[in-house]
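The opening position of the sequence shown corresponds to residue 1434 in my numbering, with each subsequent residue numbered one higher.
The beta carbon of each residue, even a glycine, is placed where N, CA and C say it ideally should be.
Down below is the structure, laid out as structure tokens.
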Amino acid sequence: MLKALETITVAGEGKNMVESGAVKNVITFADEVVVDLQLSNPALHIRKRAEVDVLKVIHEKVYEKAKIKVNISVAQPEPSAPKANEIKGKPIPGIQNIVAVASGKGGVGKSTVTANLAVTLSKMGFKVGLLDADIYGPSAPIMFDVVNEKPLSVKVDGRSKMKPIESYGVKILSIGFFTSPDQAVVWRGPMAAKALNQMIFDAAWGELDFLLLDLPPGTGDIHLSIMQSLPITGAVVVSTPQHVALADAKKGVAMFQQDSINVPVLGIVENMAYFTPEELPENKYHIFGKDGARNLAEDLKVPFLGELPLVQSIREAGDVGRPAALQDNTIIAASFDEITKNVVQQVVERNKDLPPTEAIKITTMAGCAAVKK
């Protein structure tokens, strides 16, 4: 009986029915035959074909009048070990620290703070890069007066890479270099994420002490894409003092502190903290409220990095493409010096006290739920 069944090949397995282990049992009693089969393929046509082949072979090679019953079951696949979450992010060789600058809402001066942090770090002697990750509202080209520049292609280890534009000692990449100034970037999330990955990993950044990421406002898809692509050292959150901005800044901090993200928050910067008229330098007018971000930092138990005054020259400097921190011996330069030193100090302490950040491992929609903190 088994020799007859050895002439049958199970579809898709390449072995005969006995050799593959599909025949589990054969019972004969007088002219009755019961054959138990176990197949790995659950497809109906495979099971039907196996039954027909068994009937045909036994009738032809064993006994033409045999009463045959074929019982077919489908083998359950062995439970595999649960897949470990894939860490998609990878460090960029040569880059020591990656600092994200974020805000809960737009219009609080996040890009201005990022640009001035970058030039202040450069003034202090650090090697600095700036990635303008605000795909839909890129502002770095304007703030560094390089709107008409285009990154060149250079060969690095046999591969073509983008050479960042350099201005005031800062290496810069932005989607604004690849679009015309009046062109809107109307992309869905995956397209934007792909463009960001190209600017991150297909760029010749070289050796950098700091790569600053100017994130878009809010807490959304671009933020997740960036944090899945890169192991970020820490985040700086920018807010203005008024309640409506603080509410969103709190969500920004909570995003980084979420269990599935877990990026250290280096601290909060309070922008537009007060206004001082040029003719009354001793006067401070707290137009948007007083000490809001300072109090928020205390409540959330994260460092307060410093405050920036509301000064016309900051806006003017950004518009003409020369960051205000380059204006030596001014209140602006002094404020950015203090904030930048505090950022560097927090990075040093973070690297001393905490293990390197892993890129986030969100693999399900559960990781994209509303922040509960």
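- prompt: So, residue 1641 versus residue 1542, is the Cβ gap smaller than 8 Å?
  reply: The answer is no: Cβ separation not under 8 Å.
task: Would you mind sorting residue 1692 into buried or exposed? The rule is 16 or more other CB atoms within 10 Å of its CB.
output: By the 16-neighbour rule on beta-carbons within 10 angstroms, residue 1692 is exposed.
field: residue 1549, buried or exposed, once every other Cβ within 10 Å from all chains shown has been counted against 16
entry: buried
query: Which same chain residues, not among the five before or five after residue 1752, have their C-beta less than 8 Å away from its C-beta?
result: For residue 1752, same chain residues with a beta-carbon under 8 Å away, outside a window of 5 residues either side, are 1575 in chain order.
query: Does the segment 1556-1571 come within contact of the segment 1642-1651, defined as at least 3 CB pairs closer than 8 Å?
result: Contact between the segment 1556-1571 and the segment 1642-1651 is established, with three or more Cβ pairs separated by less than 8 Å.
task: List the endpoints of the continuous alpha helix (DSSP H) containing residue 1564.
output: Premise fails: residue 1564 lies in the beta strand (DSSP E), 1561-1565, not in any alpha helix (DSSP H).
task: Check each candidate in 1435, 1476, 1474, 1475 and name the one with the smallest Cα separation from residue 1457.
output: 1435
- prompt: If you count every other CB in all the chains shown that lies within 10 Å of the CB of residue 1703, and 16 or more means buried, which is it?
  reply: buried
task: Using alpha carbons as the reference points, say which of 1607, 1659, 1596 lies closest to residue 1638.
output: 1596
message: Between the alpha carbons of residue 1685 and residue 1536, how many angstroms are there, rounded?
response: Here the alpha carbon of residue 1685 sits roughly 6 Å from the alpha carbon of residue 1536.
message: Determine whether the beta carbon atoms of residue 1532 and residue 1756 lie at a separation below 8 Å.
response: no
message: At 3 residues or longer, what runs of the beta strand (DSSP E) sit wholly inside the segment 1647-1713?
response: 1667-1672, 1698-1703
query: Hey, residue 1573 and residue 1602: beta-carbon distance below 8 Å or not?
result: no
- prompt: Over what stretch of residues does the beta strand (DSSP E) that includes residue 1760 continue unbroken?
  reply: Counting along the chain, residue 1760 falls outside any beta strand (DSSP E), and DSSP gives it neither H nor E.
field: Helix, strand or coil at residue 1459 according to DSSP, with G and I counted as helix
entry: Secondary structure of residue 1459 (DSSP, three-state): strand.
- request: Go through its chain and collect everything with a Cβ distance to residue 1706's Cβ below 7 Å, but skip five positions before and after it.
  value: 1674, 1740, 1741, 1742
message: Is the beta carbon of residue 1667 closer than 8 Å to that of residue 1780?
response: yes
field: Opposing strand residues paired with residue 1469 [DSSP bridges]
entry: 1458, 1504
message: My output table needs one value for residue 1532: the three-state DSSP class, helix, strand or coil.
response: strand
task: Tell me, please, which residues DSSP counts as bridged to residue 1599.
output: 1604
message: With a threshold of 6 Å on Cβ separation, who are the neighbours of residue 1733 within its own chain once the five nearest residues in sequence on each side are excluded?
response: 1686
field: N-terminal and C-terminal residue of the alpha helix (DSSP H) that residue 1586 is part of
entry: Looking at the DSSP string, residue 1586 is not in any alpha helix (DSSP H); the run it does join, the beta strand (DSSP E), is 1585-1589.
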